[in-house]
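Chains as they are written, first to last, in this note's numbering: chain A, 1 to 179; chain B, 1001 to 1179; chain C, 2001 to 2179; chain D, 3001 to 3179.
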């Protein structure tokens, strides 16, 4: 069997952040990310690895996680809205991203990306994301991804488009009544 | 002249986070990232763009920023330590990253990455990073990058290697007396 | 439905190479690449696209095809040999690659990579590859990929390892008696 | 000093192609690629490596060479034409690429890409390319890159745009009288 060198990165907890330190990104820490499970995410999408995702250390490079997040979010949006979101008058531009890496990944492990809605604003959508490797209970990584919707031409912020807002009910059923 | 479509993404501030919301990554928000300047970073390194860094929206994809951060940090470490850090018994594994995107970048803009030390722990180093496009005063992006040093074989956390610790004085002169 | 802008790139044949011109890569031209079909490839593997595979022209960037080839070849080798080929004393280093682009691809099209054996040498393996988009009969791209096996330490050429040679029978049954 | 593991890949010549075999891409073989030198290329452009260009084998992945070629060709075109070629009514789409890998590259080696004109057709431009690592006399890789110009909207072939044709004189002075 082909597995990652490391299994869980015990080291990541050896030098814990100071919870009172404003330099700690609270969102990724507040709910212990390692405690997240597949069932915490309404949508799970396969995000297959590629040979060259592994870098010189023999594990998936930290930037690749963002390629997987981007693909999971936009791939889901394309399907859930039934619309080519790239041609809407308002497009989702990435305003902020973040990731905590909890375990190494390595090609050709099968990986899934979980999607949940963290926050829906007037013109922004914040996703909570996690990567799960086959047979692993704990996430290999937990992330955050903020889309701000802007006019495709002027790049000025606009409200989240209706088809996107409607699709988000799949990620948070409580939105259904709220609309 | 070839410029990015957008200039500053005014939209990024139109839907501001709630400062009392634990879901906001405090570290990137506490000091208004847009107020950071080149002189806030002891080291500036060129990080040239590539043609295919631009995605379907005609701007540098959000994951590319992390490729630039990785290259700036590790490129600087290789030079500043005078050592091939990849062959040390302890290697720096990325435990956490984050980025706020303030303005669009577009090939072939010239871009520099600023490096500062945010926090030095027993086995971890947290860098504050920013990308500056040519002729722009404000950063196009501000990031955070956490290396945890682990034994290259066991992947268990170990102290930050001495050559790395010595090099970090360049990023924070106050460390010099502290050692 | 979401499709690529272009369909077949008729233009690719409008300026045909001179068949007597030594500057034309014969291997990709001799058998008209557009005439290749899925059934010409003993193995077909899914190679899903990612959001940022599309470049500023809204189609999959030409370099991405090689990421897909690399992933298809090495992913197949890992499965077909039942061995982590990265830990064999001899590793396959890429000595030559080539690709002809016949139709544009665009995320999130489903894409398959066909694998066939073009030539087996003492220390080299040449694969013929093709990418097929969902519902398309003709290939979107046809490629060539040459592995040379070298000693992992000295990087000097060595014979193709036995497990790899055995696996190649799946790509060319005639090899079975030849061994 | 930090160098690639391997130096010249002697292995690449250990299993030479059959010059009478139509499966050998003549263009890359006809003139022995290893004999090419910087002075064979009218234009040389720096193409810096990135940390994660190195794959699990600790050398630059074969697909990265195409990112460098793409960046060198399009970066040169943007400068030499003084025009944002992406906004011309005719855009250059890649119809064919090829590369022979002669020596391993490894971050953070300094690398230059040489550009020469191999062939200018009615609607196509074929570039001969090579990558040279710092202090190396022989190329680390030799490539071929074919642009076909198409109407940006219809994607049908059109003549090479005048600004591009004019710029190509820099790569082949003999074109100057020919126009």
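Ideal Cβ placement from N, Cα and C applies to all residues, glycine included.
Note that this is a predicted model, so its numbers are computed, not measured.
Proximity test, Cβ basis, 8 Å: residue i and chain B
i	result
residue 3161 of chain D	no
residue 94 of chain A	yes
Bridge partner(s) assigned by DSSP for residue i
i	result
residue 2058 of chain C	Answer by DSSP bridge pairing: none, since residue 2058 of chain C is not bridged.
residue 2112 of chain C	C:2046, C:2132
residue 3146 of chain D	D:3096, D:3126
residue 3157 of chain D	D:3150
residue 2085 of chain C	Answer is none; residue 2085 of chain C lacks a bridge partner.
residue 1066 of chain B	For residue 1066 of chain B, which the question treats as bridged, DSSP gives no partner whatsoever.
residue 2199 of chain C	No statement about residue 2199 of chain C is possible, as the shown extent of chain C runs from 2001 to 2179 and does not include it.
residue 2141 of chain C	C:2101, C:2131
residue 90 of chain A	A:151
Chain D contact for residue i (CB, 8 Å cutoff)
i	result
residue 58 of chain A	yes
residue 1002 of chain B	Confidence at residue 1002 of chain B is low in this model, with a pLDDT of 35, below 50, so the placement of that residue is unreliable and no value is reported for it.
residue 2083 of chain C	no
residue 1067 of chain B	yes
residue 2023 of chain C	Note that residue 2023 of chain C scores a pLDDT of 38, beneath 50, so its modelled location is shaky; the value from the coordinates is reported in the next line. Yes, its Cβ sits closer than 8 Å to a Cβ of chain D.
Interface flag, residue i vs chain C, CB-CB below 8 Å
i	result
residue 3106 of chain D	no
residue 71 of chain A	yes
residue 3086 of chain D	yes
Proximity test, Cβ basis, 8 Å: residue i and chain A
i	result
residue 2048 of chain C	yes
residue 1169 of chain B	no
Contact list for residue i against chain A, beta-carbon separation under 7 Å
i	result
residue 3063 of chain D	52
Amino acids of chain D, ordered along the chain, whose beta-carbon sits closer than 8 Å to that of residue i
i	result
residue 55 of chain A	3051, 3052, 3054, 3055, 3056
residue 2099 of chain C	3096, 3097, 3098
Within 8 Å, strictly: CB atoms of residue i and residue j
i	j	result
residue 75 of chain A	residue 2051 of chain C	yes
residue 1143 of chain B	residue 1065 of chain B	yes
residue 109 of chain A	residue 134 of chain A	yes
residue 3141 of chain D	residue 3041 of chain D	no
residue 2106 of chain C	residue 2060 of chain C	yes
residue 1090 of chain B	residue 1161 of chain B	yes
residue 123 of chain A	residue 101 of chain A	no
residue 2111 of chain C	residue 2049 of chain C	yes
residue 2082 of chain C	residue 3098 of chain D	no
residue 2069 of chain C	residue 2145 of chain C	yes
residue 1103 of chain B	residue 1136 of chain B	yes
residue 3038 of chain D	residue 3072 of chain D	no
residue 1170 of chain B	residue 1080 of chain B	yes
residue 2088 of chain C	residue 2168 of chain C	no
residue 2056 of chain C	residue 3086 of chain D	yes
residue 158 of chain A	residue 77 of chain A	no
residue 2147 of chain C	residue 2092 of chain C	yes
Closer than 8 Å at the beta carbon, the chain B residues around residue i
i	result
residue 3075 of chain D	1051, 1107, 1108
Residue i at chain G interface by Cβ criterion, 8 Å
i	result
residue 2043 of chain C	No chain G is present in this structure, whose protein chains are A, B, C and D.
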